[in-house]
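Working notes for the structure below.
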Amino acid sequence: MKFSLFVHMERWDESVSHRQLFEDLTELTLMAEAGGFSTVWIGEHHAMEYTISPSPMPLLAYLAAKTTTIHLGAGTIIAPFWHPLRVAGECALLDVISNGRMEVGLARGAYQVEFDRMAGGMPASSGGQALREMVPVVRALWQGDYAHDGDIWKFPTSTSVPKPIQKPNPPMWIAARDPDSHNFAVANGCNVMVTPLMKGDEEVLDLKNKFQTALDNNPDVPRPQLMVLRHTHVHTADNPDGWKVGAKAISRFYRTFDAWFGNKQTPVNGFLAPSPEEKFAGRPEFELESLHKTAMIGTPEEIIPRIKYYQELGVDEFSFWCDNSLPHEEKKKSLELFIKHVVPAFR
């Protein structure tokens with residue numbers, strides 16, 4: 082089982098500067114590397130203070146210079162917002178800067194609020210077309226001269242400059258949920274990243290089964306890797322109510338996600354208030370007791386068996402998702418406990 086860190090600069094009010102958030106993200110990454118984590122993942126989001134990353138590339142390039150072993154993962158690039166030549170060239174450049182430690186995840190995008198601003202209002206549900214066209218094009222550009230005449234992009238003979246160090250190419254990941262996206266990823270030799278969001282471990286099993294079906298549908302393709310991304314908060318056994326700290330914070334995160342995803346309000350200077358708690362009356366998945374069971378919240382002794390279950394299912398990588406609205410010092414305590422007490426159980 083590999084472990085990775087999924088992290089963003091996240092700002093909940095103006096009391097913490099963007100510079101401080103940048104330094105905090107760097108500190109968490111260095112902790113993860115020292116703790117033996119395989120990869121740090123940073124995604125792409127626009128005009129949102131609660132997930133700050135207009136491009137993962139500058140952050141990852143900086144982290145490449147501060148680290149020596151941890152891989153740098155763009156997790157994920159939103160395909161409809163990019164041109165394939167930019168994806169190929171920027172990813173290859175990061176691979177050169179990091180001396181072969183670049184990994185790239187691609188996704189179709191989710192928030193309509195971003196598509197309204199970045200893609201002329203195209204439906205977010207249409208993003209899969211760009212994703213499916215993007216993957217083989219980027220691979221071809223990494224190999225050499227290639228001309229493309231597709232439904233979305235058309236360009237004359239071009240190539241990626243520079244070329245990536247990793248051969249035949251850096252690892253590519255697809256954020257997948259439905260059976261078609263699992264099948265596309267496996268058929269194209271891409272690793273698969275999944276998140277159960279607010280659902281329990283039965284959702285991990287369901288996602289794994291979709292992945293397995295895709296493997297069965299493509300028996301001639303070497304098995305790619307499967308990563309599970311989970312909101313994670315670890316507390317000590319001598320603080321039996323410590324789980325409530327994580328559950329309340331993760332609930333706030335998901336209520337904010339709901340506000341952005343609903344696209345019913347105009348953000349004010351990049352902020353949207355979380356949807357009110359009363360909106361979720363009758364929605365047990367938002368209750369703290371439910372989040373205690375679904376998110377990866379608990380003591381090391383409680384968390385280890387759950388991750389071992391993922392390992393038995395065939396999950397190759399567990400990603401510690403630390404975007405949760407908690408202050409930096411709380412995130413550090415949780416990550417330290419995970420590194421000290423959870424990671425050794427898998428070595």
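Residue numbers 82 to 428, in my numbering, belong to the letters of the sequence shown in order.
Quick reminder that beta carbons are idealized off the backbone N, C-alpha and C, glycines included.
### Message
Let me make sure I understand the geometry here. Which of Y192, D226, G379 and P386 has the alpha-carbon closest to that of G343?
### Response
Y192
### Message
Within a Cβ cutoff of 7 Å, which residues of the same chain sit near T240, ignoring the five residues on either side of it in sequence?
### Response
L222, G225, D226 and Y227
### Task
List the DSSP bridge partners of I255.
L187 and V273
### Task
With a 10 Å radius around its C-beta and 16 neighbouring C-beta atoms as the bar for buried, classify H152 as buried or exposed.
buried
#### Entry: 9 Å Cβ cutoff met for A256 and V285
no
#### Entry: C-alpha distance - V194 paired with F162, whole-angstrom precision
13 Å
### Task
Let me know the secondary structure DSSP gives K248 once reduced to three states.
coil
### Query
Is H152 helix, strand or coil by DSSP?
strand
### Task
May I ask you to report which of helix, strand or coil DSSP gives A228?
strand
### Task
Report yes if the CB atom of L187 is closer than 9 Å to the CB atom of H409, and no otherwise.
no
### Task
Note down, one range per segment and in chain order, each beta strand (DSSP E) of at least 3 residues found wholly within the segment 350-411.
377-379 and 398-402
### Message
On a Cα-Cα basis, can you pick out the residue from D339, P365 and P217 that is closest to A169?
### Response
P217
#### Entry: Paired residues, beta bridge with R336 - DSSP
R336 is not bridged to any residue.
### Query
Looking only at DSSP bridge pairs, what is M90 linked to?
I133
### Query
Which term fits D404, buried or exposed, when burial requires 16 or more other beta carbons within 10 angstroms of its beta carbon?
buried
### Query
So, are the CB atoms of G363 and H316 less than 9 Å apart?
no
### Task
For the beta strand (DSSP E) holding K280, just list the boundary residues, first then last.
No beta strand (DSSP E) holds K280; DSSP gives it neither H nor E.
### Query
Taking Cβ positions, are V326 and E383 nearer each other than 9 Å?
no
### Task
May I ask you to list the residues that DSSP assigns as paired with L307?
V273
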